[in-house]
Each structure stands twice: as structure tokens, then as C-alpha cells.
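According to the UniProt record's numbering, the sequence shown holds residues 1 to 528 in order. Report on the following structure.
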Amino acid sequence: MQLTLGNLLDERELGLTLVTSDASARERPVRGAHAIEVAAPTRWIPEDWVMLTNGLRVRGRGDDQRRLIAELDDGGQTALGWAVGLVLQRVPQAIVDEAERRAFPVFLVPIETAFHQIISFLHDARTSEDMVVMRRIMSMEEYLMDALQQRRPERAIVSRLASLLDVDALLATGGGEVLEASGRVPAEEDVRAAIGAADDGDRDGAQLGGRAAAVLPLPGDEAGDQLLIVSGRRAAAGDPLARPVIRRAAQLLGLVAQGRAHRDENARARGADVLRRALRGIAPAQAAGLDAEVSALGLDFGEPVHVVAWSVPAGVASETAALALVRELLSANGLRHLLTAHGEQPVTLVQGDPALLAEALLGAGESATPGAGRPLPSAGVGRRIDSLRDARRSLHDARLALAQARATSAPDGTVVRFDQLDPVGQLLAAASGEEDGQGLRRLAGLLDPIRDQPHLLATLSSWIDCGQNSNETAARLHLHRNSLRYRLARIEELLGVVLETPRGLANVQLALLADELDAGGGDAAGER
1 MQLTLGNLLD
11 ERELGLTLVT
21 SDASARERPV
31 RGAHAIEVAA
41 PTRWIPEDWV
51 MLTNGLRVRG
61 RGDDQRRLIA
71 ELDDGGQTAL
81 GWAVGLVLQR
91 VPQAIVDEAE
101 RRAFPVFLVP
111 IETAFHQIIS
121 FLHDARTSED
131 MVVMRRIMSM
141 EEYLMDALQQ
151 RRPERAIVSR
161 LASLLDVDAL
171 LATGGGEVLE
181 ASGRVPAEED
191 VRAAIGAADD
201 GDRDGAQLGG
211 RAAAVLPLPG
221 DEAGDQLLIV
231 SGRRAAAGDP
241 LARPVIRRAA
251 QLLGLVAQGR
261 AHRDENARAR
271 GADVLRRALR
281 GIAPAQAAGL
291 DAEVSALGLD
301 FGEPVHVVAW
311 SVPAGVASET
321 AALALVRELL
331 SANGLRHLLT
341 AHGEQPVTLV
351 QGDPALLAEA
361 LLGAGESATP
371 GAGRPLPSAG
381 VGRRIDSLRD
391 ARRSLHDARL
401 ALAQARATSA
411 PDGTVVRFDQ
421 LDPVGQLLAA
431 ASGEEDGQGL
441 RRLAGLLDPI
451 RDQPHLLATL
461 SSWIDCGQNS
471 NETAARLHLH
481 RNSLRYRLAR
491 IEELLGVVLE
501 TPRGLANVQL
511 ALLADELDAG
521 GGDAAGER
């Protein structure tokens, strides 16, 4: 509660009397009092304080008396207390006239009241006021902290803060998206404008809905991904009760966000470990335990669940970046998943119809800024599984589907399902499933004569990838066309095939696909 001049005047033991007529003077805030008899007293008296004087310095000087009132009024002081009975028997008329003209309060201090009594009263009242404010702040903070026990703590904190301070409160992203709101959700552009004003350094001058707004980043959120925005009369920086409570709400929201991020990171690590173990192959007796872990992580085998193998698009420089790209894509579209790196390739266990995956990639491509060149991975989707005991087989399927996407020069962001495989893909699938585990290697054996000459193997692979276009292949490999012709002729000689014939071309393509699958893991899933 803010102490006012009315509270001071109402203290009967002091016997103070207001001699000016402006009734609104009683609402003026009072933070302290100081007795002084010097020129230019506002140098020593802060704003919202009372000056106490017996008039000795300005006795008999009407102009100086009027200047004193003007100086106090302009300086932001609350009032002038004039002691009578010692130097003067009444308040000078020049003081009263100038004070009335300016609506500046002047009160009479009787001779029985010493200045130190007024000063002590205000000091004790302020101390008591501070204790009251502190207790109220602690009570409010305890109420906010109790919100951490709620099922949705962010919503509870925002709602309780709004009800405590009679303000509007919301939790928003740095881009202006409202995550939680205590009342009507404001327009996103208005939220962005408030955030923009705060970003420009005017955190206390932001506006939302025509009202003052306080914008606070959540502690610990260095990226500024989430902000607490409070708007209303009590959002102003000078409110001694509201500001500590608002700051504590931001701290609690930051703790919730950090705790959730920590739990999410732990869940991702657990999921990656479970998937990694399943892709290496598990005994039937282990499947039930791992399936239970998958269920605890939020995936339901009662819904469609597939292993998905992902390409690493050009421009993605590291395994970590590739994993982050896939995680962002799936999370942004609400697709539950486990993610791991397997043979330097992102592999996921995804719940949901594969059509949703295709829609997610299509949407990501359409939302990309033109010319920004945002990389998009392609995906191969294995057969549906109802237990992790089948994850290894589904990974095979997924890699075959992804290999077909590459072999057909499908654009980035393509999704190929195992059941969409062409005859070559079906043949490779059959070969990879042979009992002795050597099917893919036998198909890839055609390439054995050039395995010790990697430049020839790279030339053949590039020529196939470029659709047998010699000009494009030469440019990709930085070769003269004659050098390319020589390499292709040498390849034909060593492999014993004619690349220009349909049969020779088909055999080479089949061998390259088999070799890619076998090198990427084949049935051994990368454990050779």
C-alpha cells in the first residue's frame, strides 16, 4: 500500500492541518520528510518527499516565499510543512496564495509537534509498508509456485499471475505465437510489435492492446524462444508489488521449460538407444521389454509404425545436423518418433500413416523461402511393424525404397514406400533376404574388378546418377569428355559389359544398388 499525504494528515498525534483547499492533495504519495532551511532545497529533497520548515530563511520576503512554492512544485516534492509558533505565528499569505494557484499542498505544523516526530512517523510507516509488501509478494510467489504441481504448469502460472495482479498475461514464442494466455488471445502481429519494442531496448515502453506491457525473456532460455508478456496498469516498471511477482513468474516458467527440455533430451537419448539396439537385431525374448520401453516413450504399435531411412541432403555437413533436420521436420508436424544415426544415416521409427510423412515433406518444401535453398531429405519407408523384433527387416525395406528414390533421380523431399518398389527393388529385396546373407554381395560382385580403382567406381556411379549424360557427368567429375570416354571404355573392358545395351546397363545399375545396400548395412545393418 502506498503511503499518502492523507495518511500523514490523519495521524492525530501530530496535529497537522492542511491550509490549502485542493482535496485531491490527500492522494499524493509520501516517501519521506526532511527539515531544511537552505536555498534551493530541492537539491537535497527527493521527489515525493515533504519539506519541513519554520520559515526562518524566507521570513518577511514574499517573493522568496513564492519562489519556494514554485521550486517545490516543479521539483516533484509532495508538500510543504510549515511550523508555526516559533519564528512565525501563522503561514505567510504569499505561501498560501502561490500554493493555491499551483494546487500545491501546504500544511501547518503546530509548535507542540517536533519535526523529528513527523520524520519518524513516515520512516516507521514506510518500514511497516515494506514489510506488508514483502509478505504480500511472498504469498503471491507461494501461490505461483504451487502451480508447478498442476498438470499444465505453464497455463496455471499464466492464469494465476493474471488473477493476482489483475493483468493480462501470456506466454509466447519469440516469433509472436501465443502458447498460453490468461484471456483473449491477441493478434499475432500485436504480440510481435510488443516483442519488437522490447528487442529495441524499450522493455518498459512496450504496448499490447493499447496498454503498457512488460516483456520478459524466460531465465535460462538464451535463444529467447519463449517470453512472458504482461499487459495492464500494474505491468508498469514502477509498481513495487507487481514487478517482483512478474519476475518470479518468468523464473518459474523458465524452470518449467528447462525441466521439460531436460526430460525431452533424456527421452530422445533413451529412444535412440532402444532403436539402435533393435536395428542391430534382437532375440525374441528381448522384444517384449523393448516394446514396453517404446510404449513408455509414447509410440503405440496399435497404430501404423514404420522404420524410415533418410537421405542426407547436399549442404548438410554433419551427422548431428542431419539428425537435427529430421527431428525438426517430424516434430513440427506432430509425428511421434524415435531417432538414431545408423551407419551415418538418420533412421527413425515413426508412428503414423506414411502419407503424413509425404505431406510433411511437401509442406516443408512449400514453406521454404524461395531461393533459400533449404535442404530437404528424402525418405524410404519400410513395411509396417507391430514389434521391434521386425525393426531390422523394416530397415532393409526402407533402405531399398530410399535406394530406388536415388536411382530414379527423384527430387529431394521424395518419400518412397517399400510397397512402391519397382521390379529391380523387389529383386534386391529378395536377394537381401536370402538365408545365407550373401544375396546382395553376389549381385554386387559384378563390380569386383574395379573395386581397387575407386576413381572408376566413382565414375560409373556418377554416370548412372546423371542419367547416362556424358556432358553432365564430365562436369560433375571435372573431367574432359575424352577422359570420361576413356574411363567408361576401361570400365566396360574390366566388367565385361557393354554399357550402351539395355542388359548391360540394367546389370550395372542392379550391381550398384546392391553394393550401396550392402555397404550401408544390407542384412547386417551396418555391422560388417
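Glycine included, every Cβ here is placed at the ideal spot set by N, Cα and C. All values reported here derive from a predicted model rather than from experimental measurement.
Specify, as a first and last residue, the run of the alpha helix (DSSP H) that residue i falls within.
i           : result
residue 547 : Because residue 547 is not part of the residues shown, which for the chain are 1 to 528, the question remains open.
V294        : 284-296
Q93         : 93-102
V191        : 188-199
G6          : 5-9
Enumerate in chain order the residues of its own chain whose CB-to-CB distance from residue i is below 7 Å, with the five nearest sequence positions on each side excluded.
i           : result
D225        : T173, G174
residue 529 : Absent from the model: residue 529. The displayed extent of the chain is 1 to 528, so no value can be given.
V91         : V19, W82, V84, V106, L108
P145        : The amino acid at residue 145 is misidentified as Pro; the sequence shows Met. Around M145: L252.
Are the CB atoms of residue j and residue i within a distance shorter than 7 Å?
i    : j    : result
L16  : F107 : yes
A94  : R59  : no
L52  : F121 : no
T340 : L299 : no
T78  : D48  : yes
A33  : V50  : yes
A212 : V307 : no
V415 : L338 : no
L164 : M140 : yes
D515 : A398 : no
L395 : L323 : no
P354 : R417 : yes
R31  : G6   : no
Tell me the rounded alpha-carbon separation between residue i and residue j.
i    : j    : result
P244 : A206 : 18 Å
A197 : I246 : 19 Å
W44  : I111 : 24 Å
R528 : G302 : Because the pLDDT at R528 is just 28, under 50, the model does not fix this residue reliably, and the point stays unresolved.
S24  : Q89  : 27 Å
T369 : R160 : With a pLDDT of 45 at T369, under the threshold of 50, the modelled position of that residue is not reliable, and the figure given next carries that caveat. About 40 Å.
A379 : G259 : 32 Å
R451 : L457 : 7 Å
A475 : D465 : 13 Å
S21  : A99  : 9 Å
R336 : I195 : 32 Å
A405 : N482 : 30 Å
S295 : D264 : 15 Å
P41  : R234 : 33 Å
A125 : L3   : 8 Å
P346 : S231 : 45 Å
V256 : L477 : 53 Å
L9   : T113 : 13 Å
V38  : G55  : 10 Å
A240 : V87  : Here residue 240 turns out to be Pro, not Ala, going by the sequence shown. Answer to the nearest angstrom: the Cα atoms are 40 Å apart.
L68  : R248 : 44 Å
G75  : E11  : 26 Å
In terms of residues, what are the limits of the beta strand (DSSP E) holding residue i?
i    : result
I229 : 226-231
E492 : Run containing E492: none in the beta strand (DSSP E); it sits in the alpha helix (DSSP H), 481-495.
A379 : 379-384
T473 : Note, T473: premise wrong, no beta strand (DSSP E); alpha helix (DSSP H) at 470-477.
V416 : 415-417
Any idea which residues DSSP pairs residue i with across the strands?
i    : result
P346 : A341
A169 : V230
L216 : L228
H455 : DSSP, once it has assigned bridges, lists no residue as partnering H455.
E180 : L171
T17  : L108
Q351 : V305
P41  : P41 pairs with nothing; no bridge assigned.
H34  : M51
What residues in its chain sit with their C-beta under 6 Å from that of residue i, if we drop five residues either side in the sequence?
i    : result
V178 : L170, A172, V185
A250 : L216, L218, L228
N471 : none
D291 : S387, L388
R384 : P304, H306
R270 : none
D73  : R102, F104
V158 : A169, L171, E180, S182
W310 : V326, P346, P377, A379
D436 : Confidence in D436 is poor, its pLDDT being 47 and thus under 50, which makes the residue's placement unreliable; the coordinate value appears in the next sentence. Nothing meets the Cβ criterion.
L447 : A511, D515
Might you give, ordered along the chain, the residues of its own chain that have their beta carbon closer than 8 Å to the beta carbon of residue i, omitting 5 neighbours on each side?
i    : result
P284 : R389
A321 : none
G371 : Bear in mind that a pLDDT of 45 at G371, under 50, signals an unreliable position, so the number given afterwards is only what the model happens to contain. Answer for G371: no residue qualifies.
E359 : N333
L495 : L446, L447, P449, I450, V508
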